[in-house]
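Q: Numbering (our numbering), first residue to last: 12 to 101.
A virtual CB, placed ideally from N, CA and C, is assigned to each residue, including glycine.
Keep in mind it's a predicted model, so treat the numbers as computed, not measured.
Pasting a structure here, questions to come.
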Amino acid sequence: MRVCDFCGQIIDSNQKYCPHCGTRADSGRIISHTKQSQRKLVWLIIPIILLTLLLSTLIYRSYSPSQQQKSALIKVESKNNIQNRGASPH
Ligand SMILES: [Zn+2]
């Protein structure tokens with residue numbers, strides 16, 4: 012397995028030219044097995060990170076009060092204030 016120097020696509024070792032861009036495959040560097048496994052790991056880690064980010068934003072949205080809940084809280088607070096004023100002797 013090789014990687015094309017020009018376009019970065021994986022070329023089969025027995026191919027002389029890159030099928031993606033036509034660059035000579037001889038100039039490409041040979042990928043070692045460790046690098047291949049690292050690449051696979053990256054493709055596993057990226058979706059996991061994206062999923063955790065998505066989940067965290069969803070959880071944050073569900074926990075933070077929405078506009079409706081906020082307005083309801085303000086109404087309750089104002090009601091309490093009115094009741095307190097009525098009860099206080101003036
Ligand atoms: Zn290429």
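Check the DSSP bridge columns for Y28 and list the partner residues they point to.
A: Looking at the DSSP assignment, Y28 forms a beta bridge with R35.
Q: What distance in whole Å lies between the Cβ atoms of R13 and S24, which are believed to be in contact at a cut-off of 8 angstroms?
A: Their Cβ separation, rounded to whole angstroms, is 6 angstroms, which keeps S24 and R13 in contact under 8 angstroms.
Q: Just to confirm, does T34 get its C-beta within under 7 angstroms of one of the non-hydrogen atoms of ligand 1?
A: Yes, Cβ of T34 sits closer than 7 angstroms to a heavy atom of ligand 1.
Q: Among residues of its own chain, excluding the 5 on either side of C18, which ones have a beta-carbon nearer than 6 angstroms to its beta-carbon?
A: Closer than 6 angstroms at Cβ, skipping near neighbours: H31 and C32.
Q: Evaluate I7 with the Cβ neighbour count: other Cβ atoms within 10 Å of its Cβ, from every protein chain shown; 16 or more gives buried, anything less gives exposed.
A: Nothing can be reported for residue 7: it is not among the residues displayed for the chain, which extend from 12 to 101.
Q: In angstroms with no decimal places, state the Cα-to-Cα distance between I56 and Q20.
A: So the two alpha carbons sit approximately 21 angstroms from each other.
Q: Give the DSSP-derived three-state secondary structure of S75 in the structure shown.
A: Coil.
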